[in-house]
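**Student:** 1 is the number of the first residue of the sequence shown in my numbering; add one for each residue after it. Here it is, the structure in full.
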Amino acid sequence: MAVTVQSVIDRVQATLQDTSGIRWSSTNELVLWVNDSQREIALIKPDATATNTTVTLATGTKQTIPAAGNRLLRVIRNMSAASGGTGKRTIRLVGREILDAQTQDWHDPAVTGDAAHGPVVKHYMYDEADPRNYYVYPGVSGNAYIEIVYSANPATVTLSDNLAVPDIYANAVMNYVLFMAYMKEAEVADNAQRAANHYQLFVTSVAGKDQIDALRTPNVTLSVNRAVA
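So, in structure tokens, the structure goes:
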């Protein structure tokens, strides 16, 4: 991330026709709204703050993403170590009801057979209603490390920092700050409409990126190749 918070604030003040800081003499509130916008972006488009990392699994089947995260995006593979390790067996997403039907006691650390707990994970399960937690199969016994991708909570930034979201979202951040600024003075003629316009630009910019990503993802080529094959 190379776009500075200051550069976004400068553009906001230019749009507000307040480059001298007469109306917005203090930028503290504007920076507060920059941070609000980053959290809104992560909420609307979780992969905007996607973080790829290796985690050490807890004993048992239930796992939780790092404290800085807000939701799991994907589990990739087993790893040989907590840091600097090499990739091992891949991990597949499965429906929990499948395992529940086949091995009802797979959560039990004393279970035997294919579900016996150990250091290697074969599958994981995820429930959107519980976005920070997930389950692994077999359950974990001993040291186990896996690579995951999760949506992180954006770091709180100050005026001297860079944005904590990718640079591509700089315009969205600016529009959100303008939305909040105009909303604060909604009693002034036309400001309520200006606020609504900037909020719509913000939502369109963030949510609309999903459509672009869907069209430009390498998985589109993968799907075409499968169809041809």
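In this text, a Cβ means the ideal position worked out from N, Cα and C, and glycines have one as well.
Ignoring anything shorter than 4 residues or poking outside the region 95-168, list the alpha helix (DSSP H) runs there in chain order.
**Tutor:** Taking only runs of at least 4 residues, the alpha helix (DSSP H) segments lying wholly in the region 95-168 are 96-102.
**Student:** Measuring CB to CB, does P154 end up less than 9 Å from W106?
**Tutor:** For P154 and W106, no; Cβs fall outside 9 Å.
**Student:** Let me know the secondary structure DSSP gives R216 once reduced to three states.
**Tutor:** Legend: pLDDT at R216 = 47, less than 50; position of this residue unreliable, no value from coordinates given.
**Student:** Tell me the DSSP bridge mates of A50?
**Tutor:** Answer by DSSP bridge pairing, in chain order: S151.
**Student:** One question on the structure: do A58 and V120 come within less than 9 Å of each other, judged by their Cβ atoms?
**Tutor:** Cβ atoms of A58 and V120: not closer than 9 Å.
**Student:** Distance check for R39 and D47, CA to CA, integer angstroms please.
**Tutor:** One C-alpha to the other measures close to 12 Å.
**Student:** Roughly how many angstroms separate the alpha carbons of H123 and R194, rounded to a whole number?
**Tutor:** If I take the Cα positions, the gap works out to 49 Å.
**Student:** What are the start and end residues of the alpha helix (DSSP H) that includes L30?
**Tutor:** Here the alpha helix (DSSP H) through L30 covers N28 to I44.
**Student:** Using CA coordinates, which residue listed in P166, N35 and G208 is at the minimum distance from V3?
**Tutor:** Among P166, N35 and G208, the Cα nearest to that of V3 belongs to P166.
**Student:** Taking T53 as the reference, give the member of D36, E29, V31 and A82 with the closest Cα.
**Tutor:** The option with the nearest alpha carbon to T53 is A82.
**Student:** Under the three-state reduction of DSSP, which class applies to Q193: helix, strand or coil?
**Tutor:** Correct three-state label for Q193: helix.
**Student:** Near T19, which residues of its chain fall below 6 Å by C-beta distance, leaving aside the five closest residues on each side in sequence?
**Tutor:** Closer than 6 Å at the Cβ level, and outside the excluded window around T19, lie Q13.
**Student:** Are there 16 or more other CB atoms within 10 angstroms of the CB of R71, so buried, or fewer, so exposed?
**Tutor:** Buried, since its Cβ has 16 or more Cβ neighbours within 10 Å.
**Student:** Name the two residues that bound the continuous beta strand (DSSP E) containing L73.
**Tutor:** Residues G69 to M79.
**Student:** Should the region 107-114 be regarded as contacting the region 174-191, the criterion being three or more beta carbon pairs within less than 8 Å?
**Tutor:** Flag = no, the region 107-114 and the region 174-191 do not touch.
**Student:** Is Q63 closer than 9 Å to N133 when the C-beta atoms are compared?
**Tutor:** In this structure, Q63 lies closer than 9 Å to N133 by Cβ.
**Student:** Do three or more CB pairs link the region 31-38 to the region 158-177 at distances below 8 Å?
**Tutor:** Cβ pair count under 8 Å is three or more, so yes.
**Student:** Is the beta carbon of Y169 sitting closer than 9 Å to the one on V203?
**Tutor:** No, these two residues do not count as a Cβ contact at 9 Å.
**Student:** Taking a contact to mean a Cβ-Cβ separation below 9 Å, would you say V55 touches E147 in this structure?
**Tutor:** Yes, Cβ-Cβ distance for V55 and E147 is below 9 Å.
**Student:** In chain order, what residues of the same chain have a beta carbon less than 8 Å from the beta carbon of L16, not counting five sequence neighbours either side?
**Tutor:** Counting only Cβ-Cβ distances below 8 Å, and skipping sequence neighbours, we find R23, W24, L178 and A181.
**Student:** Could you have a look at R89 and say whether DSSP puts it in helix, strand or coil?
**Tutor:** The answer is strand: DSSP assigns R89 an E or B state.
**Student:** Would Y135 pass as a contact of Y126 if the rule is Cβ separation under 9 Å?
**Tutor:** Result yes, Cβ atoms of Y135 and Y126 sit closer than 9 Å.
**Student:** So what's T19 in DSSP terms, helix, strand or just coil?
**Tutor:** Of the three classes helix, strand and coil, the one that applies to T19 here is coil, per DSSP.
**Student:** Could you name the residues of the same chain whose beta carbon sits closer than 7 Å to that of I91, not counting the 5 residues immediately before and after it, in chain order?
**Tutor:** Excluding sequence neighbours, I91 sits near V75, I76, R77, N78, V121, K122, H123, Y124 and I146.
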